[in-house]
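This note's numbering puts the sequence shown at residues 1353 to 1675.
Glycine is no exception: its CB is placed at the ideal position from the N, C-alpha and C atoms.
Report on the following structure.
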Amino acid sequence: MTADGTVPGGVIAHGDLEGEPGFLTAGIVAPECGDARPGPDTVYDAASLTKVVATWPLIGSTGIDLDAPVHTLLPTVAAVVPGGKVTVGQILAHTTGLRADTRLDQYRNRNQDLAALICGEDLIAEPGAGHRYINRGFILAGLLLAQVTGRRLDELAADLWTSLGMTSTAYGPIGRSSRVAPTEQRLAGAPRLWGIPHDDNAALLGGVAGHAGVFTTAADLATYATALLSGHRDGTDLGRWLARSTVPQAVIEPGLNRGLAWLLTGNGRVAYHHGFTGTSLYLAPATGRYLVICTNAVYHHQDNRTALAPLRALALKAITAEP
């Protein structure tokens, strides 16, 4: 991928609970960064890894009732609107039945509250009836976390990351430098996206959203994976939340289930999640092993992310195998 220029470069982190993480690197950060090589501390747009690095752990740590309908947590959402009966657990399991396309741009210049607008849309399925990956649910989760706690989502997340030692993880925007991997140039002659979210809907929310917007490094994701896996082994609150979240909630296809936020292999050995920009995080709780992929695969074009499919398949095979 890097040799043919499809992907500028990237970092893989791997390890277990017995030692320090190992790192593999390839390519460059980006042409704008000269000959700077990616490393453990190169900052990447995590995209949908935001769901499992920010929103999911915060839902667990705040103790929000997973059976609570969103109308009981968001005062602007009426019980009678289509999405008012969607529960927090259904949001995490992607079984809400909410409108599938995110398209927050359609709400420009509307005076109504965002949560009310999202929940006021007709459902595409009855809540709990089946799985469909939907960003809108996690956007609601970010809004309800702020409402329930009285604090901004980025503040809550920053406290969590600080407590875990994730010193380079943050919501954007972040400053441009050779340490930060840029993503796509949307228009010829326009500045490239660099330190601001690649996700349009997160950008509309000022870069802070429940579904996307986080920037992180391979080193920080290795730290996070270690905290989750050691917590699972030792029975900490975070570890118990991971254990609860790796119970299948919905079948996606034969051999692939959805837990609470996480994708689960059919044999239950691995929980994982991907980010649109070219990121992935894999956990094997039973063996304490993890694997992280950080790239800016969308650098040349967002469709280039499909070039990661063989690498992601190999990563899943490697971490699923017996050590």
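Backbone secondary structure at residue i - three-state DSSP
| i | result |
| --- | --- |
| N1463 | coil |
| V1500 | helix |
| T1377 | strand |
| R1484 | coil |
| R1641 | strand |
| T1439 | strand |
| V1566 | strand |
| A1493 | helix |
| T1402 | helix |
| A1468 | helix |
| T1447 | coil |
| T1658 | helix |
| T1519 | coil |
| T1358 | coil |
| L1635 | strand |
For residue j and residue i, believed in contact at Cβ under 8 Å, the rounded distance
| i | j | result |
| --- | --- | --- |
| G1362 | G1374 | About 15 Å; that fails the 8 Å criterion. |
| G1627 | A1477 | At roughly 25 Å, the Cβ-Cβ gap does not stay under 8 Å, so G1627 and A1477 are not in contact. |
| R1544 | Q1537 | 4 Å |
| I1486 | A1561 | At roughly 14 Å, the Cβ-Cβ gap does not stay under 8 Å, so I1486 and A1561 are not in contact. |
| H1563 | A1554 | 7 Å |
| A1636 | I1671 | 5 Å |
| G1524 | G1565 | 6 Å |
| V1676 | A1365 | For the chain, the structure presents residues 1353 to 1675; residue 1676 sits outside this window and is missing. |
| G1517 | V1532 | Going by Cβ atoms, the distance from G1517 to V1532 rounds to 20 Å, so no, they are not a contact pair. |
| L1410 | L1497 | 5 Å |
Rounded C-alpha distance that separates residue i from residue j
| i | j | result |
| --- | --- | --- |
| N1609 | D1356 | 34 Å |
| D1586 | N1461 | 50 Å |
| H1483 | D1387 | 44 Å |
| P1434 | K1669 | 40 Å |
| G1640 | R1592 | 14 Å |
| V1359 | P1600 | 33 Å |
| T1377 | G1630 | 14 Å |
| L1466 | Y1459 | 8 Å |
| S1632 | T1402 | 11 Å |
| I1526 | V1381 | 16 Å |
| L1580 | P1383 | 35 Å |
| A1595 | T1588 | 10 Å |
| W1513 | V1500 | 20 Å |
| I1567 | V1432 | Per the sequence shown, residue 1567 should be read as Phe rather than Ile. Cα to Cα, the separation comes out at about 37 Å. |
| T1578 | L1369 | 7 Å |
| N1463 | G1441 | 29 Å |
| T1354 | T1447 | 37 Å |
| G1620 | A1542 | 45 Å |
Opening and closing residue of the alpha helix (DSSP H) in which residue i lies
| i | result |
| --- | --- |
| S1530 | Note, S1530: premise wrong, no alpha helix (DSSP H); not H, not E. |
| A1571 | A1570 to D1586 |
| I1671 | A1661 to T1672 |
| L1505 | L1505 to L1516 |
| R1592 | D1589 to S1597 |
| A1420 | Looking at the DSSP string, A1420 is not in any alpha helix (DSSP H), and its letter there is neither H nor E. |
| V1552 | At residue 1552 the sequence reads Asp, which differs from the Val that was named. D1552 to L1556 is the span of the alpha helix (DSSP H), which, as asked, contains D1552. |
Span of the beta strand (DSSP E), counted from its first residue to its last, around residue i
| i | result |
| --- | --- |
| F1628 | Here F1628 belongs to no beta strand (DSSP E), and DSSP marks it neither H nor E. |
| L1608 | L1608 to R1610 |
| G1361 | G1361 to G1367 |
| E1372 | That residue, E1372, is in no beta strand (DSSP E); it is neither H nor E in DSSP. |
| I1604 | A1602 to E1605 |
| L1616 | L1615 to T1617 |
| V1395 | V1395 to D1397 |
Outcome for residue i when other beta-carbon atoms lying within 10 angstroms are tallied against a minimum of 16
| i | result |
| --- | --- |
| T1521 | buried |
| P1549 | buried |
| S1597 | buried |
| P1427 | exposed |
| G1502 | exposed |
| H1653 | exposed |
| R1455 | exposed |
| T1647 | buried |
| D1655 | exposed |
| L1615 | buried |
| G1558 | exposed |
| D1506 | buried |
Heavy atom of the ligand NAP within 7 Å of residue i beta-carbon
| i | result |
| --- | --- |
| T1414 | This structure does not include the ligand NAP; it has no bound ligands of any sort. |
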